[in-house]
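Student: According to our numbering, the sequence shown is numbered sequentially starting from 9.
Let me give you the structure first, and then I'll get to my questions.
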Amino acid sequence: MRRSQLFLPTLKETPAEAQIVSHRLMMRAGMVRQTSAGIYAWLPMGFRVLKKIEQIVREEQDRSGAQEVLMPTIQPADLWRQSGRYDDYGKEMLRIKDRHDRDMLFGPTNEEMITEIFKAYVKSYRDLPKNLYHIQWKFRDEVRPRFGVMRGREFLMKDAYSFDLDYPSSRHAYNKMFVAYLKTFARMGLKAIPMQADTGPIGGDLSHEFIILADTGESQVFCHKDYVDFDVSGQPIDFDDVAGVQKVVERWTSLYAATDEKHDTAAFEKIPAEKRVTARGIEVGHIFHFGTKYSEPLGAKVTGPNGDIVTVLMGSYGIGVSRLVGGLIEASHDEAGIIWPEAVSPWGVGVVNLKVGDGECDKVSGDLYAKLGNAGREPLYDDRDERAGSKLADMDLIGLPWQVIVGPRGLKSGVVEVKNRRTGEKQELSPEAALNRLTA
């Protein structure tokens, strides 16, 4: 993509309404445009990041054995009345009527709908287990939407729902999602710590929030310091290995970690003082095991192996896809702007032509742009006739992992500058060596 053609409305000044780092930087970097309180239009750069996060989530769900579906955003109120949640959910639910005066709602979550779909088609234990997920826009009418996409009213979610015959298989489904979440966040360059959490309006008897530590987090969290050094990214996982998956879960739940609602002061104080971490945290995923909370009132039953009728056990597993965009920025930025992890960066390399119109600068920049594109590095070529300082500041602001800076002074010596955005390290290399460095 050429910067001169890209719709990227960057701002030099921070909008007054932006309260936290991610909101400020997303607005300044031209990623989103607020259309009303808590509702945003996603502009090209923001949308590219959103789709990359969505794809990582999808791949890890598929790898765990979950199957993708897509449910409607508008749901009939009668389903929620059957589960007992229609009146209990509160004003966050947007209730509407269609032209026939039927009660409908803009779905904040999908437990009822997926249970009704399952009930319609699955009749025998032979068809279990099942885990169905979708990635869909949701709406919750927050009384005070704030912090940009971190606490908006409209947001993109991944929801998965498991159905099992008995508790051991249902717990294995929960464990598989637990491990899939660890792998998902690690791929994005995030350290997400699973913490005991309150089940809230979803309900159930077992719940973990996946929390990234950040000063602007909305929750107070408490955990053992050793979690910061735990790693799952390179560990191969066989999701059919019940004992192996359980072993990973046991390791990640072996130390103290809890959100404020589940915090046990006495247990926390048993940890050596130098190992206690008290911090703010951002929730990026939440998993629940809730047994028959929805399957019982909605009649999701199957014929068991002995001919008996069994109410299935369920779990629910959510990841805030759009929220992750803000969470990643909160976890990875500096004073100059965003620092994207490579896996979710909107473009892989920024090519900056410091003197557009100079024959050699144009030739080398254009050649690097073409070859990086052919190598699959998704380059962004800043070919605008702008001041060098402005172009470099913009490139730091949008946070691409690598920059190749092409200027007449360097080319006189046969070199371009390669900059690592995260470390700030700069190298002067020949154009060929720079290309090799960035495509190796």
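Glycine included, each C-beta is placed from N, C-alpha and C at the ideal position.
Please classify Phe296: is it buried, with 16 or more other beta-carbons within 10 angstroms of its beta-carbon, or exposed?
Tutor: Position 288 of the sequence shown holds residue 296. It counts as buried.
Student: Measuring only the C-alpha atoms, how far is Tyr133 from Asp172?
Tutor: As a first step, residue 133 must be located in the sequence shown, where it is residue number 125. As a first step, residue 172 must be located in the sequence shown, where it is residue number 164. So the alpha carbons of these two residues sit roughly 8 Å apart.
Student: So what does DSSP say about Met35, is it helix, strand or coil?
Tutor: Mapped onto the sequence shown, residue 35 falls at position 27. Met35: helix per DSSP, three-state reduction.
Student: Based on Cα-Cα distance, which residue from Tyr377, Phe186, Arg429, Asp366 lies nearest to Ala401?
Tutor: Locating residue 401 in the sequence shown gives position 393, where the first residue counts as 1. When each option's Cα is compared against that of Ala401, the closest is Arg429.
Student: Where does the unbroken beta strand (DSSP E) through Ser303 begin, and where does it stop?
Tutor: Position 295 of the sequence shown holds residue 303. Per DSSP, Ser303 belongs to no beta strand (DSSP E); it is in the alpha helix (DSSP H), 303 to 306.
Student: For Ala266, collect the residues of the same chain with a Cβ closer than 6 Å to its Cβ; drop the 5 residues on either side in sequence, then sort them by chain order.
Tutor: By one-based count along the sequence shown, residue 266 stands at place 258. Hits under 6 Å: Met203, Gln204, Phe230.
Student: Run the CB neighbour count on Phe15, radius 10 Å, all protein chains shown included, and call it buried at 16 or more, exposed below.
Tutor: As a working note, residue 15 is residue 7 in the sequence shown. When all chains shown are included, Phe15 counts as exposed.
Student: Any idea which residues DSSP pairs Phe461 with across the strands?
Tutor: Residue 461 cannot be examined here, being either before or after the span of the chain that is shown, 9 to 448.
Student: Assign Ser44 to one of two classes, buried (16 or more other C-beta atoms within 10 Å of its C-beta) or exposed (fewer than that).
Tutor: If you number the sequence shown from 1, residue 44 lands on position 36. Ser44 should be labelled exposed.
Student: For the beta strand (DSSP E) that contains His216, what are its first and last residues?
Tutor: Here residue 216 refers to the residue found at position 208 of the sequence shown. Taken as a continuous stretch (DSSP letters only), the beta strand (DSSP E) holding His216 covers 214 to 221.
Student: Going by the DSSP bridge assignment, what does Phe126 pair with across the sheet?
Tutor: Counted from its first residue, the sequence shown places residue 126 at position 118. Phe126 is not bridged to any residue.
Student: Who are the Cβ neighbours of Val57 in its own chain at under 6 Å, not counting the five residues just before and after it?
Tutor: The residue given as residue 57 occupies position 49 in the sequence shown. Taken in chain order, the residues that qualify are Val333, Val352, Pro354.
Student: Do Ala281 and Tyr264 have their C-beta atoms closer together than 8 Å?
Tutor: As a position in the sequence shown, residue 281 is number 273, starting the count at 1. As a position in the sequence shown, residue 264 is number 256, starting the count at 1. Not closer than 8 Å, so no.
Student: Near Ser12, what residues of its chain come up, given a Cβ to Cβ distance below 6 Å and the 5 sequence neighbours on each side ignored?
Tutor: In the sequence shown, residue 12 corresponds to position 4, counting from 1. Closer than 6 Å at Cβ, skipping near neighbours: Asp391, Arg392.
Student: Note down the Cα distance separating Lys420 from Glu368, rounded to an integer number of angstroms.
Tutor: Here residue 420 corresponds to residue number 412 of the sequence shown, with the count starting at 1. Here residue 368 corresponds to residue number 360 of the sequence shown, with the count starting at 1. C-alpha separation (whole angstroms): 9 Å.
Student: With three or more beta-carbon pairs closer than 8 Å as the criterion, would you say the region 133 to 142 touches the region 162 to 181?
Tutor: At 8 Å Cβ cutoff, the stretches touch.
Student: Have a look at Lys270, Lys283, Gly315, Asp246 and flag the residue whose alpha-carbon is nearest the alpha-carbon of Leu214.
Tutor: Counted from its first residue, the sequence shown places residue 214 at position 206. Measuring from the Cα of Leu214, the nearest candidate turns out to be Lys270.
Student: Since His142 is in the beta strand (DSSP E), which residue starts that stretch and which ends it?
Tutor: For the purposes of this step, residue 142 is identified with residue 134 of the sequence shown, where counting begins at 1. Segment 138 to 147, the beta strand (DSSP E) holding His142.
Student: Provide the residue span of the alpha helix (DSSP H) that contains Pro4, from first to last.
Tutor: The requested residue 4 does not occur in the structure, where the chain is confined to residues 9 to 448.
Student: With distances taken between CB atoms, is the gap from Gly73 to Phe298 smaller than 8 Å?
Tutor: What you label residue 73 is simply residue 65 of the sequence shown in a count that begins at 1. What you label residue 298 is simply residue 290 of the sequence shown in a count that begins at 1. No, these two residues do not count as a Cβ contact at 8 Å.
Student: Near Thr286, what residues of its chain come up, given a Cβ to Cβ distance below 8 Å and the 5 sequence neighbours on each side ignored?
Tutor: As a position in the sequence shown, residue 286 is number 278, starting the count at 1. Only Gln228, Val229, Phe230 meet the Cβ criterion.
Student: Use the C-beta contact count for Thr117: other C-beta atoms within 10 angstroms, 16 or more gives buried, fewer gives exposed.
Tutor: Taking the sequence shown and counting its residues from 1, the one referred to as residue 117 is at position 109. It is buried - the Cβ of Thr117 has at least 16 other Cβ atoms within 10 Å.
Student: Report the three-state DSSP secondary structure of Leu446 (helix, strand or coil).
Tutor: For the purposes of this step, residue 446 is taken as the residue at position 438 of the sequence shown. Note: Leu446 maps to helix in three-state DSSP.
Student: Leaving out five residues on either side along the sequence, give the residues of the same chain with a beta carbon under 7 Å from the beta carbon of Arg41.
Tutor: Counted from its first residue, the sequence shown places residue 41 at position 33. For Arg41, where only same-chain residues beyond five positions count, the Cβ hits under 7 Å are Tyr48, Ala49, Leu51.
Student: Cutting at 7 Å between CB atoms, please list the residues of its own chain near Arg148, excluding the five before and the five after it.
Tutor: What you label residue 148 is simply residue 140 of the sequence shown in a count that begins at 1. Cβ within range, chain order: Glu100, Pro116, Arg161.
Student: Within its chain, find whatever has a CB closer than 6 Å to the CB of Ile317; leave out the 5 residues flanking it on each side and keep chain order.
Tutor: Within the sequence shown, numbered from 1, the residue matching residue 317 stands at position 309. Lys309.
Student: Closest to Arg468 by C-alpha separation, out of Glu386, Pro313, Asn361, Leu140, would be which residue?
Tutor: Because the chain here runs from 9 to 448, residue 468 falls outside it and cannot be looked at.
Student: Can the beta-carbon of Ile64 be found closer than 8 Å to that of Thr261?
Tutor: For the purposes of this step, residue 64 is identified with residue 56 of the sequence shown, where counting begins at 1. For the purposes of this step, residue 261 is identified with residue 253 of the sequence shown, where counting begins at 1. Cβ atoms of Ile64 and Thr261: not closer than 8 Å.
Student: What residues in its chain sit with their C-beta under 7 Å from that of Val423, if we drop five residues either side in the sequence?
Tutor: Counting from 1 along the sequence shown, the entry for residue 423 is found at position 415. Closer than 7 Å at Cβ, skipping near neighbours: Glu436, Leu437, Ser438.
Student: Within 10 angstroms of the Cβ of Gly92, are there 16 or more other Cβ atoms? Answer buried if so, exposed if not.
Tutor: Residue mapping note: residue 92 aligns to position 84 of the sequence shown, counting from 1. So Gly92 counts as exposed.
Student: Beta-carbon separation of Met158 and Ile28 under 8 Å?
Tutor: Locating residue 158 in the sequence shown gives position 150, counting from the first residue. Locating residue 28 in the sequence shown gives position 20, counting from the first residue. Closer than 8 Å, so yes.
Student: Hey, which unbroken runs of the beta strand (DSSP E) at 3 residues or more fall wholly within the region 27 to 84?
Tutor: The qualifying runs are 40 to 44, 47 to 50, 82 to 84.
Student: Identify the continuous beta strand (DSSP E) that holds Asn361 and give its terminal residues.
Tutor: Here residue 361 refers to the residue found at position 353 when the sequence shown is read from its first residue. Looking at the DSSP string, the run of the beta strand (DSSP E) that includes Asn361 is 357 to 361.
Student: Would you check if the region 231 to 251 and the region 318 to 325 touch, i.e. whether three or more CB-CB distances between them fall below 8 Å?
Tutor: Result no; under three Cβ-Cβ pairs closer than 8 Å.
Student: How many Å lie between Glu386 and Thr447 at the Cα?
Tutor: By 1-based counting over the sequence shown, the position of residue 386 is 378. By 1-based counting over the sequence shown, the position of residue 447 is 439. So the two alpha carbons sit approximately 11 Å from each other.
Student: Does the Cβ-Cβ distance between Glu291 and Glu217 come in under 8 Å?
Tutor: Along the sequence shown, read from residue 1 onward, the residue named residue 291 stands at position 283. Along the sequence shown, read from residue 1 onward, the residue named residue 217 stands at position 209. Result yes, Cβ atoms of Glu291 and Glu217 sit closer than 8 Å.
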